[in-house]
Amino acid sequence: MKSGMHSKRNNIVPFSNNIESEIVSLPNIIVSTAESKRRVEELQTFVEEVMVKGVDYGLVNGFSKPTLLKPGAEKLCDVFGFSKTADVVNRIEKWESGIFAYEVKMTLIRKDNGLVEAEGLGSCNSKESSFQQQDPYTIVNTVLKMAKKRALIDAVLSATRSSGIFTQDIEDFPQAKTKDSKGGGKQATMAQLQTIFRIVDEMDMPTDVAKELMKMTFGVERSTQLTKKQASDFIQDLLVLKEVRTINEQNNTD
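Position one of the sequence shown corresponds to residue 980 (our numbering), numbered consecutively onward.
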């Protein structure tokens, strides 16, 4: 009997009198406040003095922050010393029904040490509203490029910590934010379209950038989809942009 009681006592694990409370600490800040502030100010200065509005980034009505465009993302990659690697991680290609979708992962690698700085994901498919009026078999490459561009923007915003300066990719903006995106009215005249082409050419603006600005502002893919009023507004926007760029160029040469 005693041995049984003794056995039971041996099975009892007593509480330690020297239990110390575990203190969970947060990671230490490895970048000082002053250094962090300096980096942010340096990035803001680069955006203001080097990047070009309407080419590297664009403004959308209803949003306080500009949206980063592909040329601007590539410029940031150059200044930060990133090399880019794109991989298609998912794809749907249904040729019989004309449905195409791609998901791309963009990896940014530091050129100085070969380490991965950030990864971004981007997807696009032929059923998006902006492609509804187009032959799906003629836009396969466009859909893939759009997914790649979205992944690049995502990766660059993460790698450069610039989401405080730039907002999300333009494809995610609600169409309600665009100017007269569903407005009717007469179609833009040939003279208006020629004026748009001329101004874009005079500014050496890449065609894809002009199209993206048009989509950002009016929600259309092609200039022929603009109404007369939209075309007039777009011309005024381009003229203002051209004037600003001219002033900036003059200031840089002084």
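Glycine included, every Cβ here is placed at the ideal spot set by N, Cα and C. Values in this document were obtained by computation on a predicted structure and should not be read as measured data.
| Query | Result |
| --- | --- |
| Contact between the segment 1056-1065 and the segment 1126-1145 (3+ Cβ pairs under 8 Å) | yes |
| Alpha-carbon spacing of Val1095 relative to Cys1056, whole angstroms | 13 Å |
| When Tyr1081, Ser1141 and Glu1075 are compared against Ala1097, the one with the closest alpha-carbon | Ser1141 |
| Option nearest Met1030 by Cα separation, candidates Asn1092, Val1058 and Met1085 | Val1058 |
| Distance, Val1019 Cα to Gln1113 Cα | 42 Å |
| Secondary structure of Lys1167, DSSP reduced to three states | Reading off the sequence shown, one finds Ala at residue 1167, where the question assumed Lys. Ala1167: coil per DSSP, three-state reduction. |
| Bounding residues of the beta strand (DSSP E) (the contiguous stretch that carries Lys1084) | Ile1078 to Arg1089 |
| Euclidean distance between Cα positions of Pro1153 and Leu1136 | Low confidence applies to Pro1153: its pLDDT is 45, below 50, so where it sits in the model is not reliable enough to give any reading. |
| C-beta atoms of Glu1082 and Ser1109 nearer than 8 Å | no |
| As assigned by DSSP and simplified to three states, the class of Thr1139 | coil |
| Length of the line joining the Cα atoms of Trp1074 and Ile1009 | 52 Å |
| Proximity below 8 Å, CB of Leu1022 to CB of Ile1144 | yes |
| Backbone CA spacing between Glu1191 and Leu1005 [nearest angstrom] | 43 Å |
| Identity of the residue in Lys1124, Asp1183 and Ser1105 nearest Gly1243 by Cα | Given a span of 980 to 1233 for the chain in the structure shown, any question on residue 1243 remains unanswerable. |
| Spatial distance of Asp1216 from Ala1138 (CA atoms) | 31 Å |
| Three-way DSSP call (helix, strand, coil) for Lys1032 in this model | strand |
| Distance, Gly1099 Cα to Tyr1116 Cα | 27 Å |
| Val1067 burial status per 10 Å Cβ neighbour count (16 or more: buried) | exposed |
| As assigned by DSSP and simplified to three states, the class of Asn1120 | helix |
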